[in-house]
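S.K.:
Numbering (this note's numbering), first residue to last: 1495 to 2433.
(1) Would you mind stating whether residue 2102 and residue 2038 have Cβ atoms separated by less than 9 angstroms?
(2) Identify the continuous alpha helix (DSSP H) that holds residue 1818 and give its terminal residues.
(3) DSSP state of residue 2438, grouped into three classes?
(4) With a threshold of 16 other CB atoms inside 10 Å of the CB of residue 1950, please say whether the residue is buried or exposed.
(5) Starting from the Cα of residue 2358, find the closest Cα among 2381, 2350 and 2344 and give me that residue.
(6) Give the secondary structure of residue 1512 by DSSP, where H, G and I count as helix, E and B as strand, and everything else as coil.
(7) The beta strand (DSSP E) spanning residue 2274 covers which residue range?
(8) Which two residues bound the contiguous beta strand (DSSP E) that contains residue 2421?
(9) Residues in its own chain within less than 7 angstroms of residue 2267 by CB, not counting five upstream and five downstream?
(10) Could you tell me which whole beta strand (DSSP E) segments of length 3 or greater appear in the segment 1519-1595?
(11) Buried or exposed for residue 1768, please, with buried defined as at least 16 other CB atoms from any protein chain shown within 10 angstroms of its CB.
(12) Taking contact to mean at least 3 C-beta pairs separated by less than 8 angstroms, is the segment 1561-1569 in contact with the segment 1531-1550?
(13) Starting from residue 2355, trace the alpha helix (DSSP H) both ways and give me its first and last residue.
(14) Given a cut-off of 9 angstroms, decide if residue 1794 and residue 1710 are closer than it, judged by their beta-carbon atoms.
(15) Is it buried or exposed for residue 2390, if we count other Cβ within 10 angstroms and need 16 for buried?
(16) Write down every uninterrupted run of the alpha helix (DSSP H) in the segment 1876-1938 whose length is 4 residues or greater and which is fully enclosed by it, in chain order.
(17) Are the segment 2313-2332 and the segment 2248-2259 in contact at 8 angstroms, needing three or more beta carbon pairs?
(18) Taking the alpha-carbon positions, what's the residue 2432 to residue 2353 distance?
(19) In the DSSP assignment, find the alpha helix (DSSP H) that holds residue 1723 and state where it starts and stops.
(20) Quick one: Cα of residue 2215 to Cα of residue 2299, how far?
(21) Taking all protein chains shown into account, decide if residue 2140 is buried (16 or more other Cβ within 10 angstroms of its Cβ) or exposed.
(22) Rounded to a whole number of angstroms, what is the C-alpha to C-alpha distance between residue 1952 and residue 1932?
(23) Roughly how many whole angstroms lie between the Cα atoms of residue 1782 and residue 1729?
(24) For the candidate residues 2023, 2078 and 2022, whose alpha-carbon lies nearest to that of residue 2046?
(25) Please report the distance separating the alpha-carbon of residue 2002 from that of residue 2098.
(26) Near residue 2269, what residues of its chain come up, given a Cβ to Cβ distance below 6 angstroms and the 5 sequence neighbours on each side ignored?
(27) Can you tell me the Cα-Cα spacing of residue 1961 and residue 1921, whole angstroms?
(28) Using a Cβ-Cβ cutoff of less than 7 angstroms, which residues in the same chain neighbour residue 1906 once the five nearest sequence positions on both sides are dropped?
(29) What residue range is occupied by the uninterrupted alpha helix (DSSP H) comprising residue 2153?
(30) From residue 2276 to residue 2263, what does the alpha carbon distance come to, in whole angstroms?
(31) If I measure Cβ to Cβ from residue 2296 and keep anything under 7 angstroms in the same chain, skipping five residues before and after, which residues do I get?
(32) Taking 6 angstroms as the limit between beta carbons, can you name the residues of its chain near residue 1507, skipping five residues before and five after?
(33) Per DSSP, what kind of secondary structure is residue 2332 in: helix, strand or coil?
(34) Is DSSP giving residue 1637 helix, strand or coil here?
(35) Do residue 1901 and residue 1914 have their C-beta atoms within less than 9 angstroms of each other?
(36) Where does residue 2344 fall in DSSP's three states?
What follows is the structure, given as structure tokens:
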């Protein structure tokens, strides 16, 4: 223990010594730090003093420089002011006129005496400007004086010329006045002569006009005055015709014409007299016919009266009387028809006005007779109906009296006879008390029985008591029915409760189907076509089972009313309908839910075909990449490569040759070297590119593909179904829609390659032709950023730049893309614009893209025609099953390029071979017309 205590004391001593040493070291460090800080403070103070001294010297230098600058500026201002004032006066001298030049010159001399010495270095230049200004002013004044003299001379000459012109104008005015006076005299003489001719012509025309007026009056007889008018005309012609001058020939012609018209008028008057006599005879005959028809009307009115008399008759008598009225009406109508036929036949033969008016009045009388006959016939028909009703009433009265006489004796019915009548005729047995009541109510006091006048009351009373007895029976039946229905209702209530079980089972089936179908839209993104087909078939089976369950529940509800007989079926059906209303509504909602589920399933099935096409398109991309890479590895041309696959040399590749190539093809290739830049391109209307490493014939190639998050699916058919699909997508694939790279398998098995081969073939073909193979392996790039075409592969080589490429220009890849040492990618290609070949950079060493795969698709912008051959008028044989060419292409249709546009030298059209994406039609289309009109452009 002592040793342990000694050891502890030694350790404590060493620890204290160590602490003292550390403390001394810390104090030494602190002293050194203080010394270093003091030295740094001293250096900072010295630096501050040096900076202050430098700043003071800089301020003094700046102050001296500012003073020098201010002095120079003041001196320059004085010089500029003096120079400016002198230049103002120089400018005044330059622009002075002859009147103020001397004053400006004196002002310049004065200012030069006072300000010239203040101009400093500008003195010599300003003195020279003064001399130049004086010289310019003198020249200006001299020129102005010269112009003034020339102007005065010109004004003098103009005044002299004006004086001569005025004298000439006065002479001409006098000549014109004399000429006008002579012309006025001749005009008056000519006017007097014309007035005389007009007076003579007026006299002749008066006689002519008198005849014209007489001839124009069609209704007047001018036979008596015709000779006098002729004599007056001849007299006027003899006295005045020769005095009419130039109007003589015209008046002679008018006089001849008016004489001829007068003769024709006289002849017409004679004809009218004859025609008037004929018309008068026609009107007399027609008047006799009208009077005969009016007599027939009176006969009709007489025969109509018996129908309106209310006397006892029979229906047969009424019919006989009405037939007599009809016969009289027919006779009157026949007479009126004769009148109408005669009027129609003779109306154009009557031309004079008086007979026309008479004919019109006769026609109105005939029409009035016709209307009266029609009205009489209508009245007779109405009277006939009333008469028949009256005859029927008389007949009924006779029948009642006969019935009364059958059961009654003498003139009354006794109680016994009443009971017999009720039992025989009304099929009702009267009780004694009922019979007593009837007799007490209907038989007057003191009478033996019921008279014939009260017979109808007896019949009514018997009917009332018969209905009262029937009401009693109906009440008993109603009570019995209510009791039975109460029992049935209790049984139905329990059955209705039991019917809820199959409805709940149907609900579970529907919910199971919905849980299975709703996520399909989201699953469609990741499933293969085979799995999608299996899933769709399974969902179809579940939907059918759910529909069967709903139908079983509905059938169970419909059969609830069975088993109670047919007696109360209507009431039972109403009760079942009321009790099961909510269950039926549920089943209706099940139908709508199943319909919605079927719509979602139909949309999912529609995506199966799209997925198959997408998979084949994806596989096409991979196969094309493998073809390109193997061609590059073999270092052969496209023709040689095709020949190596076409082993039988028939110019076509069959399915066996296709599979044989892929069986031996080198698949151990990093396809990103060939397709990385094509991921975002249209790719000849292809799908997403493959970017993995293929490993063998029967193995599967790994590929990478990125799924774009947040992008919605294609629009579906119905709006409701589309909303459901979107909701299902969000619920199922919320996490799957994020951007993430995942491994995708590319099946290169013989079965998949066989499907791809059939997918690539033209419709109706079993082999792949050379041009189709070339189209498959041909690759186009589109410029997205300006770059250059060079004749050397490497950018570092000092190659020649052949030309610059514009954005959207298209390049066909002949070799590559090749990766360079600096990580840039280059291709050897041919420009489709001018056919120039060279090396182009696809992406730079920092990943900057210059080209992307594209140029496969074109868009129609104007309506044009798709034809079979390159020449518009040429016809070619086609093996296509579907005859789709020639046909019209509408704006907006998308085309895939088969052969790039080239110009037809004959027609001047630029033509391109293409495939219509919408229906697969292949043919030639005009892209640019011979007048420069564009029909299609790169999409």
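No residue lacks a Cβ here, since even glycine has one placed at the ideal position from N, Cα and C.
M.R.: Looking at the atomic coordinates:
(1) no
(2) 1809-1840
(3) Given that the chain is displayed from residue 1495 to residue 2433, the structure contains no residue 2438 and the question cannot be resolved.
(4) exposed
(5) 2381
(6) helix
(7) 2274-2277
(8) 2416-2422
(9) 2136 and 2147
(10) none
(11) Looking at its Cβ environment, which holds fewer than 16 other Cβ atoms inside 10 Å, residue 1768 is exposed.
(12) Remark: fewer than three beta-carbon pairs, one from each stretch, lie closer than 8 angstroms, so the segment 1561-1569 and the segment 1531-1550 are not flagged as touching.
(13) Neither: residue 2355 is in no alpha helix (DSSP H) and is coded neither H nor E.
(14) no
(15) buried
(16) 1909-1919 and 1926-1936
(17) no
(18) About 6 angstroms.
(19) 1720-1734
(20) Any reading at residue 2215 is ruled out, since the residue's pLDDT is 42, under 50, leaving its predicted position unreliable.
(21) Burial is judged here by how many other beta carbons sit within 10 angstroms of a residue's own beta carbon; residue 2140 has at least 16 and is buried.
(22) 7 angstroms
(23) 54 angstroms
(24) Proximity to residue 2046 across 2023, 2078 and 2022 peaks at 2078, based on C-alpha coordinates.
(25) Taking C-alpha positions only, residue 2002 is separated from residue 2098 by approximately 23 angstroms.
(26) 2392
(27) 12 angstroms
(28) 1941, 1942, 1943, 1944 and 1945
(29) That run of the alpha helix (DSSP H) goes 2149-2158.
(30) One C-alpha to the other measures close to 27 angstroms.
(31) In the same chain as residue 2296, and ignoring 5 residues on each side of it, the C-beta atoms closer than 7 angstroms to its own belong to 2283, 2284, 2285, 2330 and 2332, in chain order.
(32) none
(33) strand
(34) The answer is helix: DSSP assigns residue 1637 an H, G or I state.
(35) yes
(36) coil
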